[in-house]
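Protein chains in written order, with this note's numbering: chain B, 25 to 293; chain U, 25 to 293. First comes the structure, then the notes that go with it.
Protein chains: 2
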Amino acid sequence: MMDLLPRCRIVLVRPHYAGNLGATARVMRNFGLSDLVLVAPYASVNDLDARRMATHGLGVLDAARVVPDIGAALADCVFSLATSSMTAGVFRSGTIGTAAEKMPELLASAEMGPVAIVFGPEPHGLSNEEIGLCHGMVTIPSDSTFGSLNLAQAVAICCYELRKAWSKSVNDTRGKPEVPERAVAPFVDQNRMFEHLREALTEVGYLFGEKGDSLMHALRQLIGRSLPTPQEVKILHGLARQLLWTANQIKKNEPDDKPPVDRLDKSDH
Amino acid sequence: MMDLLPRCRIVLVRPHYAGNLGATARVMRNFGLSDLVLVAPYASVNDLDARRMATHGLGVLDAARVVPDIGAALADCVFSLATSSMTAGVFRSGTIGTAAEKMPELLASAEMGPVAIVFGPEPHGLSNEEIGLCHGMVTIPSDSTFGSLNLAQAVAICCYELRKAWSKSVNDTRGKPEVPERAVAPFVDQNRMFEHLREALTEVGYLFGEKGDSLMHALRQLIGRSLPTPQEVKILHGLARQLLWTANQIKKNEPDDKPPVDRLDKSDH
Numbered sequence: 025m026m027d028l029l030p031r032c033r034i035v036l037v038r039p040h041y042a043g044n045l046g047a048t049a050r051v052m053r054n055f056g057l058s059d060l061v062l063v064a065p066y067a068s069v070n071d072l073d074a075r076r077m078a079t080h081g082l083g084v085l086d087a088a089r090v091v092p093d094i095g096a097a098l099a100d101c102v103f104s105l106a107t108s109s110m111t112a113g114v115f116r117s118g119t120i121g122t123a124a125e126k127m128p129e130l131l132a133s134a135e136m137g138p139v140a141i142v143f144g145p146e147p148h149g150l151s152n153e154e155i156g157l158c159h160g161m162v163t164i165p166s167d168s169t170f171g172s173l174n175l176a177q178a179v180a181i182c183c184y185e186l187r188k189a190w191s192k193s194v195n196d197t198r199g200k201p202e203v204p205e206r207a208v209a210p211f212v213d214q215n216r217m218f219e220h221l222r223e224a225l226t227e228v229g230y231l232f233g234e235k236g237d238s239l240m241h242a243l244r245q246l247i248g249r250s251l252p253t254p255q256e257v258k259i260l261h262g263l264a265r266q267l268l269w270t271a272n273q274i275k276k277n278e279p280d281d282k283p284p285v286d287r288l289d290k291s292d293h
Numbered sequence: 025m026m027d028l029l030p031r032c033r034i035v036l037v038r039p040h041y042a043g044n045l046g047a048t049a050r051v052m053r054n055f056g057l058s059d060l061v062l063v064a065p066y067a068s069v070n071d072l073d074a075r076r077m078a079t080h081g082l083g084v085l086d087a088a089r090v091v092p093d094i095g096a097a098l099a100d101c102v103f104s105l106a107t108s109s110m111t112a113g114v115f116r117s118g119t120i121g122t123a124a125e126k127m128p129e130l131l132a133s134a135e136m137g138p139v140a141i142v143f144g145p146e147p148h149g150l151s152n153e154e155i156g157l158c159h160g161m162v163t164i165p166s167d168s169t170f171g172s173l174n175l176a177q178a179v180a181i182c183c184y185e186l187r188k189a190w191s192k193s194v195n196d197t198r199g200k201p202e203v204p205e206r207a208v209a210p211f212v213d214q215n216r217m218f219e220h221l222r223e224a225l226t227e228v229g230y231l232f233g234e235k236g237d238s239l240m241h242a243l244r245q246l247i248g249r250s251l252p253t254p255q256e257v258k259i260l261h262g263l264a265r266q267l268l269w270t271a272n273q274i275k276k277n278e279p280d281d282k283p284p285v286d287r288l289d290k291s292d293h
């Protein structure tokens, strides 16, 4: 069986403290992970605190990639989870879970390509917009009066649960025949498709204002959760194109007051 | 139901780095623990690194007690677990377990009095002798090529599993009637009894040399696991006294060549 832990990426978004970079690298090494990506970091991997905290994880730290935004960090990923101590907001209940619940799901997705856990900056965590770019959300149950974990501690607990899931899957599948990998569209392709879809859904008046954002989030979760294939992403692009054409026709025909549903029905058949 | 998490003590033995004290206090606060004991610490809770890392856990840090040895840290405890990345050595398989396996056991014991998880110093962990003072051993499954976790990360994962066990027990027992606490002899009494027993077993020639240590460890685990009552501890003291008396009789009678088994049998009835 393929070793899936190296396919599980840790993404730190705008980390502030070098010590957290080092501690993250070390604990990744402890649990068998190696793929670290830093999004627009304030702290440097060359800082003495980072190197001191990394100990045997120096190799992970030195191999860390720095990218400008979350999109670049997740570009080739088939599945991603955002971490947050807040559970209110943009997410539907089906896509939120505890670390113990979500790590087996993340690991299963790694069969199909790289996956990622995304951690926000130390002071305030990820924005709703950033959370919305991921397929789901993971929380670590903690005290309600002070639930905010240190960044590297949160990484440690996710890596720990991931390794538990991995150990279990290794024991469960030992001796089972390997299954062929299913193709899943990478994040960058899915994301382009979602943007296309958002544009189209806005143009046709489905998405608007604040409610539009949460509707689009819900759609992203719904589609993302199914791990769409490249072919399915193409199909959704086709849908978006069609909606945009329709919206354009409506605009053109508005003076004529033609019913837009007519145009939509024709193009579907 | 009584809240058991405040009865779960974190014991750090000779911690070297102040940052680890702070990070430990914070993560204890995150998961609802509050009882921190430092055994002969090299690092100070007043160090700037400790206070900076503690954030909202400053209250836990400031309430930490400093004691000279593990015995003092565990004096009132009814159950304790030593942490180690090594699983070879003095312990029998029944008393070793992963954090996920052992934390429910620790929490259940907290019904009867204070319990503790004991963490060794950063460079090398607990000595075999120190591990032997505890009732069992807990490990965190990790990479075989670099399994040694940062001290505060190990604390985080144990506290996390402890809170999981606590959440589960709160959900399981909600609505159930409270059960009266069973009396368990505190560590200091158990330990005195074990020392008495060791002396007696050595005197009667049962324990000797290297093998004697591991035999005594096995006995400690066996008896300790049953959470002996004060009455049972008295009974074991009685046994030790009797064995010593017997050994003494043997020594006295050696010139006469009396069979020692005779004396032992009589005193038992």
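Glycine residues also receive a C-beta, built at the ideal position from the N, C-alpha and C atoms.
Residue i versus chain U: which residues are under 7 Å apart at the beta carbon?
i: PHE55 (chain B); result: SER166 and ASP167
i: PHE170 (chain B); result: ARG53, ASN54 and HIS80
List the residues that DSSP assigns as beta-bridge partners of residue i.
i: GLY160 (chain B); result: B:LEU105
i: THR122 (chain B); result: B:THR163
i: ILE34 (chain B); result: B:LEU60 and B:ILE141
Could one say the Cβ of residue i lies closer than 8 Å to chain U's Cβ atoms, at least one of them?
i: ILE181 (chain B); result: yes
i: TYR184 (chain B); result: yes
Looking at the C-beta of residue i, does it have a partner C-beta in chain B at a distance below 8 Å?
i: TYR230 (chain U); result: no
i: ARG31 (chain U); result: no
i: ARG75 (chain U); result: no
i: PRO92 (chain U); result: no
Label residue i either buried or exposed according to how many other C-beta atoms from any shown protein chain fall within 10 Å of its C-beta, with 16 as the threshold for buried.
i: PRO39 (chain B); result: buried
i: PHE143 (chain B); result: buried
i: SER291 (chain U); result: Bear in mind that the predicted position of SER291 (chain U) carries a pLDDT of just 40, short of 50, making it too unreliable to give a figure here.
i: LEU62 (chain B); result: buried
i: ASN195 (chain U); result: exposed
i: ARG187 (chain U); result: buried
i: GLN245 (chain B); result: buried
i: TYR66 (chain B); result: exposed
i: GLU185 (chain B); result: buried
i: ASP93 (chain U); result: exposed
i: GLN214 (chain B); result: buried
i: LYS192 (chain B); result: exposed
i: SER172 (chain B); result: buried
i: ALA224 (chain B); result: buried
i: GLN12 (chain B); result: Residue 12 (chain B) is absent from the structure shown; chain B starts at 25 and stops at 293.
i: LEU232 (chain U); result: The amino acid at residue 232 (chain U) is misidentified as Leu; the sequence shows Phe. PHE232 (chain U) comes out exposed.
i: LEU72 (chain U); result: exposed
i: ARG12 (chain B); result: With chain B represented from 25 up to 293, any question about residue 12 (chain B) goes unanswered, as that position is not in the structure.
i: HIS220 (chain U); result: buried
i: SER168 (chain B); result: exposed
i: SER250 (chain B); result: exposed
Please compile the residues from chain U whose C-beta is within a distance smaller than 8 Å of the C-beta of residue i.
i: LYS192 (chain B); result: Near LYS192 (chain B) there are no residues of chain U at all, since even the closest Cβ is about 11 Å away, more than 8 Å.
i: LYS188 (chain B); result: ALA124 and PRO165
Residues of chain U with a CB under 9 Å from the CB of residue i: which are they?
i: ASN174 (chain B); result: ALA47, ARG50, VAL51, ASN54, MET77, THR79, ALA176 and ALA180
For a test of the three-state rule: what should DSSP assign to residue i, helix, strand or coil?
i: ASP59 (chain B); result: strand
i: VAL179 (chain U); result: helix
i: VAL305 (chain B); result: In the structure as shown, chain B begins at 25 and stops at 293. Residue 305 (chain B) is therefore absent and cannot be evaluated.
i: GLU153 (chain B); result: helix
i: TYR184 (chain U); result: helix
i: GLY43 (chain B); result: helix
i: ASP71 (chain U); result: coil
i: PHE232 (chain U); result: coil
i: PRO254 (chain U); result: helix
i: ALA99 (chain U); result: coil
i: LYS276 (chain U); result: helix
i: LEU243 (chain U); result: helix
i: PRO65 (chain B); result: coil
i: VAL84 (chain U); result: helix
If you measure from the CB of residue i, is any heavy atom of the ligand SAH nearer than 7 Å?
i: ALA140 (chain B); result: Among the ligands in the structure shown, none appear at all, so the ligand SAH cannot be discussed.
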